Amino acid sequence: MSKLKALARRELIENRNGIVLTPVILMGLMLILVVGSMSFGIGEMGLGHGTRHVASFGQLLREIADAESGVAAGIVIALMSVMSLPALMVLPVVIFFVLLGGLYEERRDRSFLFWKSMPVSDTEEVLARLAGGIVLTPAVFLAVGIATHLLTLVLASLIGGAQGGPVGAIWYIGPLALNWFQGAFVLAIWMLWALPVFAWVLLASAYAPRTPFLYAVVPPIVVIVNENVFLHSNHFASWIGRHLSAQPLFEDIADGFRTAPGRVEIDDFSALMQELAKPDFAGIFNSFAHPDLWIGLAIAAALLYGTVWLRRYALA
Amino acid sequence: MPVVAARGLSKHYGRFPALVDASFEIPLGRIVGIIGANGAGKTTMLSAILGLIPYEGEVRVLGRDPLRERDRLMNEVSFIADVATLPRFMRVDQLLDYVEGVHPKFARQRTEAFLKRTKIPPTKRIKALSKGMVTQLHLAIVMGVDAKLLVLDEPTLGLDILFRKAFYRDLLEDYFDAGRTIIVTTHQVEEVEHILTDVMFIANGRIVFESPVDELPSRFAELAVAPDKLEAARALRPIHERTTLGQPVLVFENPDRGALKALGTVRGMTLADIFVAKVSGETA
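Protein chains in written order, with my numbering: chain A, 10 to 325; chain B, 11 to 294.
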């Protein structure tokens with residue numbers, strides 16, 4: 010087993026609840042919700058202009074089968090995206106706590122004395138902790154999401170089929186796979202946007218003599234309050250918010266819809282669904298054109314350097 | 011090349027001198043006991059050797075700078091600092107997986123063979139093991155690593171006597187050989203006395219005495235002296251004096267044994283007694 014794999018496995022074991030259990034529970038709840046509504050009938054449902062009464066999942070499958078294939082794929086992707094939404098909203102919170110834990114806990118229980126007896130450098134150690142948060146956690150969330158999407162398709166086909174609907178109507182694996190692939194890039198670039206915030210959390214974890222949560226949260230709040238009181242502005246707070254939520258990334262993706270040929274209106278259901286089924290890598294990669302992103306990465310690099318320094322020189 | 015070479019090694023915490031100008035060399039194939047009171051500087055010295063803290067002066071461990079090259083050094087060096095430092099969230103087998111993954115010189119089968127002799131279940135979580143078992147597990151991992159230097163800083167503190175005895179017996183029988191060096195600190199001097207090849211006494215951050223253990227009996231002797239011959243004995247310049255059950259006992263370094271025998275009963279000394287005599291003499 011390689012060093013990288015061993016370090017990744019340790020992160021997974023130490024943070025199993027956050028990294029694995031959280032997405033499994035959230036996606037599981039959404040699956041139960043969706044399957045429940047499939048089994049007991051859906052009721053009123055907005056599909057295109059106006060609402061139509063969709064009595065059963067079988068009927069929904071028939072509606073989807075009757076739609077243009079671009080629109081149908083969009084509907085499937087939209088449903089899957091909505092299912093993933095709760096997990097996506099919790100993701101930064103989980104990453105926050107994964108990053109906050111490791112370098113503090115190893116000092117609290119003195120296990121750093123064991124980790125330091127292994128041929129793993131302090132730089133490797135800090136990067137492993139970072140990767141546990143910003144690589145491993147989103148990767149597991151994505152994997153659990155994909156598994157849930159597939160399970161949803163299987164159950165929807167079984168239940169919809171039993172209710173007399175066309176079983177194959179929702180199996181748009183191609184567009185869906187493209188959507189997952191795109192999701193991986195969205196997550197990766199989201200992490201780059203949020204990196205200065207996450208690197209700060211890691212530094213707090215390496216520094217805090219106790220209660221790392223307060224060490225991570227209080228200093229930014231002090232800065233925010235002082236800026237507000239003395240300068241009457243909120244630049245720092247909005248900077249944190251922008252980076253943590255990767256606001257420019259999602260704005261670029263939304264812009265992709267608005268500037269699409271024929272200009273998609275939000276109320277034009279078919280066009281929106283067709284647009285949703287197409288990947289938009291231009292919008293995603295436009296992040297790299299924002300100087301903001303690069304400034305954030307430079308700040309993150311400085312914070313990570315400080316974290317490595319603390320772990321090398323300031324333990325004991 | 012010595013395993014450890016230090017020149018002018020010092021460490022200050024603020025203005026407090028935890029370790030002052032320590033210079034020493036430790037060759038291969040030795041078991042060195044570092045003996046000192048709490049706060050004497052033992053852990054500081056070991057931490058510097060292991061690259062755990064910054065220091066002043068020069069230290070080379072197997073030719074490397076421990077602070078800057080700790081990761082590479084740990085291919086050849088093992089240590090147990092403090093009791094029960096293993097990660098509590100892991101299971102025993104997961105911990106072995108980890109060490110196997112990151113350590114190129116780890117022979118898992120050696121560790122597993124040693125573990126089979128203990129009552130440690132491989133699928134148990136470390137937090138569920140007793141303190142003694144965690145220490146056994148740590149020793150088992152050390153046994154699996156083919157290191158040249160093993161540093162033990164109070165590895166058995168707070169464990170019961172059966173664990174402590176077994177720990178040092180296993181270390182001597184299954185681990186130590188001419189190709190390795192062990193450095194150990196402990197409060198229970200009498201438990202390591204019989205396995206040490208060398209001793210180093212530390213007091214107030216300074217090395218006050220170094221010697222191979224086999225030279226100690228010829229070098230130190232204590233004299234239980236009759237009260238009427240006390241002044242004559244004192245004239246021979248003892249390094250330490252105490253009273254046991256009303257009888258004065260004087261400790262001599264490099265004494266004229268013939269002269270001592272004329273004044274009372276000459277006895278050999280334990281390591282702990284030599285330490286007390288030597289260190290309280292130094293600090294008086």
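Even for Gly, the Cβ is constructed at its ideal location relative to N, Cα and C.
Bear in mind the structure is a predicted one, so any value in this text is a computation, not a measurement.
Hey, residue 93 of chain B and residue 145 of chain B are a contact pair by Cβ (cut 8 Å); roughly how many whole angstroms apart?
-> What you label residue 93 of chain B is simply residue 83 of the second sequence in a count that begins at 1. What you label residue 145 of chain B is simply residue 135 of the second sequence in a count that begins at 1. At roughly 6 Å, the Cβ-Cβ gap stays under 8 Å, so residue 93 of chain B and residue 145 of chain B are in contact.
Step through the CB atoms of chain B and report whether any lies within less than 8 Å of the CB of residue 322 of chain A.
-> In the first sequence, counting from the first residue as 1, residue 322 of chain A sits at position 313. Interface residue, yes.
Measure the C-alpha to C-alpha separation of residue 12 of chain A and residue 163 of chain B and round it to an integer number of angstroms.
-> The residue labelled residue 12 of chain A in the question sits at position 3 within the first sequence. The residue labelled residue 163 of chain B in the question sits at position 153 within the second sequence. In a straight line, the C-alpha of residue 12 of chain A is about 27 Å away from that of residue 163 of chain B.
Which chain B residues sit within Cβ distance under 7 Å of residue 211 of chain A?
-> Counted from its first residue, the first sequence places residue 211 of chain A at position 202. By Cβ distance, chain B contributes nothing, its closest Cβ being about 18 Å from residue 211 of chain A, past 7 Å.
Closest Cα partner of residue 112 of chain B within the set B:128, B:134, B:85 = Taking the second sequence and counting its residues from 1, the one referred to as residue 112 of chain B is at position 102. For the residues B:128, B:134, B:85, the minimum Cα distance to residue 112 of chain B belongs to B:85.
Presumed contact (8 Å Cβ cut-off) between residue 45 of chain B and residue 55 of chain B, rounded CB distance | Stepping through the second sequence from its first residue, residue 45 of chain B is reached at position 35. Stepping through the second sequence from its first residue, residue 55 of chain B is reached at position 45. At roughly 12 Å, the Cβ-Cβ gap does not stay under 8 Å, so residue 45 of chain B and residue 55 of chain B are not in contact.
Neighbourhood of residue 115 of chain B by C-beta, 8 Å cutoff - its chain only, sequence neighbours within 5 removed | As a position in the second sequence, residue 115 of chain B is number 105, starting the count at 1. Answer for residue 115 of chain B: 85, 86, 155, 156, 157, listed in chain order.
Could you tell me which chain B residues have their CB closer than 7 Å to the CB of residue 22 of chain A, listed as they occur along the chain?
-> As a working mapping, residue 22 of chain A is identified with position 13 in the first sequence. Here the neighbours are 99, 100, 104.
With a Cβ-Cβ cutoff of 8 Å, do residue 161 of chain A and residue 38 of chain A count as a contact?
-> As a first step, residue 161 of chain A must be located in the first sequence, where it is residue number 152. As a first step, residue 38 of chain A must be located in the first sequence, where it is residue number 29. Taking 8 Å as the Cβ cut-off, residue 161 of chain A and residue 38 of chain A do not qualify as a contacting pair.
Residues near residue 176 of chain A in its chain [Cβ-Cβ closer than 6 Å; skip 5 each side] | The residue given as residue 176 of chain A occupies position 167 in the first sequence. Contacts found: 166, 170.
If I'm right that residue 201 of chain B touches residue 179 of chain B with Cβ under 8 Å, what's the distance once you round it to whole angstroms?
-> Here residue 201 of chain B is taken as the residue at index 191 of the second sequence, counted from 1. Here residue 179 of chain B is taken as the residue at index 169 of the second sequence, counted from 1. Not really, about 10 Å apart at Cβ, beyond 8 Å.
Ignoring anything shorter than 4 residues or poking outside the segment 52 to 134 of chain A, list the alpha helix (DSSP H) runs there in chain order.
-> 66 to 75, 78 to 117, 121 to 124
Decide yes or no for the touch test of the segment 93 to 102 of chain A against the segment 116 to 125 of chain A: beta carbon pairs closer than 8 Å, at least 3 of them.
-> no
Can you give me the start and stop residues for the beta strand (DSSP E) that residue 210 of chain B sits inside?
-> Within the second sequence, the letter at position 200 stands for residue 210 of chain B. First-last of the beta strand (DSSP E) with residue 210 of chain B: 208 to 213.
Could you list the residues in the segment 242 to 254 of chain B with a C-beta less than 9 Å from some C-beta on chain A, going in chain order?
-> none
Per DSSP, residue 23 of chain B forms a beta bridge with which residues?
-> Here residue 23 of chain B refers to the residue found at position 13 of the second sequence. Looking at the DSSP assignment, residue 23 of chain B forms a beta bridge with B:26.
Please say whether residue 261 of chain B and residue 6 of chain B have beta carbons closer to each other than 8 Å?
-> In the structure displayed, chain B extends from 11 to 294; residue 6 of chain B sits before or after that span and is not available.
Going by DSSP, what residues sit across from residue 161 of chain B in a beta bridge?
-> For this step, residue 161 of chain B is matched to residue 151 along the second sequence. Bridge partners of residue 161 of chain B: B:89, B:193.
Roughly how many angstroms lie between the CA atoms of residue 70 of chain B and residue 64 of chain B, to the nearest whole one?
-> Reading the second sequence from its first residue, position 60 is the one you call residue 70 of chain B. Reading the second sequence from its first residue, position 54 is the one you call residue 64 of chain B. Distance between the alpha carbons of residue 70 of chain B and residue 64 of chain B is about 13 Å.
The segment 224 to 237 of chain B contacting the segment 278 to 286 of chain B, beta-carbon criterion three pairs below 8 Å = yes
Neighbouring residues, chain B, relative to residue 119 of chain A (Cβ below 7 Å) | Translated into the one-based positions of the first sequence, residue 119 of chain A becomes position 110. Chain B residues near residue 119 of chain A: 92, 95.
How many angstroms separate the CA atom of residue 12 of chain B from the CA atom of residue 312 of chain A?
-> Here residue 12 of chain B refers to the residue found at position 2 of the second sequence. Here residue 312 of chain A refers to the residue found at position 303 of the first sequence. Computed Cα separation, rounded: 39 Å.
Start-to-end residues for the beta strand (DSSP E) that takes in residue 234 of chain B = The sequence position of residue 234 of chain B within the second sequence is 224, counting from 1. It spans 230 to 235 - the beta strand (DSSP E) in which residue 234 of chain B sits, taken as one unbroken run.
Can you give the beta carbon distance from residue 191 of chain B to residue 39 of chain B, rounded, assuming they're within the 8 Å contact cut?
-> Taking the second sequence and counting its residues from 1, one reaches residue 191 of chain B at position 181. Taking the second sequence and counting its residues from 1, one reaches residue 39 of chain B at position 29. Going by Cβ atoms, the distance from residue 191 of chain B to residue 39 of chain B rounds to 6 Å, so yes, they are a contact pair.
Within the chosen definition, does the segment 15 to 29 of chain B reach the segment 226 to 236 of chain A through at least 3 CB pairs nearer than 8 Å?
-> no
Mapping DSSP to helix, strand and coil, what is residue 31 of chain B?
-> Indexing the second sequence from 1 puts residue 31 of chain B at position 21. Three-state result, residue 31 of chain B: strand.
Under a three-way DSSP split, which group does residue 286 of chain B fall into?
-> What you label residue 286 of chain B is simply residue 276 of the second sequence in a count that begins at 1. It is helical.
Closest Cβ-Cβ distance between residue 88 of chain B and chain A: below 8 Å?
-> To locate residue 88 of chain B, count along the second sequence from 1; it is residue 78. Yes, its Cβ sits closer than 8 Å to a Cβ of chain A.
Any idea which residues DSSP pairs residue 42 of chain B with across the strands?
-> To locate residue 42 of chain B, count along the second sequence from 1; it is residue 32. B:193, B:208, per the DSSP bridge assignment.
Chain-ordered neighbours of residue 112 of chain B on chain A, where CB pairs are closer than 8 Å | In the second sequence, counting from the first residue as 1, residue 112 of chain B sits at position 102. Correct list: 12, 15, 16, 127, 128, 129.
For residue 47 of chain B, which residues of its own chain have a beta-carbon under 8 Å away from its beta-carbon, when the five flanking residues on both sides are left out?
-> Within the second sequence, numbered from 1, the residue matching residue 47 of chain B stands at position 37. Only 213, 289 meet the Cβ criterion.
What residues in its chain sit with their C-beta under 6 Å from that of residue 119 of chain A, if we drop five residues either side in the sequence?
-> Mapped onto the first sequence, residue 119 of chain A falls at position 110. Taken in chain order, the list of residues that qualify is empty.
Counting pairs of Cβ atoms below 8 Å between the segment 89 to 109 of chain B and the segment 149 to 164 of chain A, do you hit three or more?
-> no
Proximal residues to residue 30 of chain B (C-beta, below 6 Å), its chain only, five neighbours per side dropped = Position 20 of the second sequence holds residue 30 of chain B. Counting only Cβ-Cβ distances below 6 Å, and skipping sequence neighbours, we find 20, 215, 216.
Residues near residue 210 of chain A in its chain [Cβ-Cβ closer than 7 Å; skip 5 each side] | To locate residue 210 of chain A, count along the first sequence from 1; it is residue 201. Around residue 210 of chain A: 105, 108, 109, 225.
If residue 193 of chain B and residue 36 of chain B are in contact, beta carbons under 8 Å, what's the gap, nearest whole angstrom?
-> The residue labelled residue 193 of chain B in the question sits at position 183 within the second sequence. The residue labelled residue 36 of chain B in the question sits at position 26 within the second sequence. About 7 Å separates the two Cβ atoms, so the contact holds.
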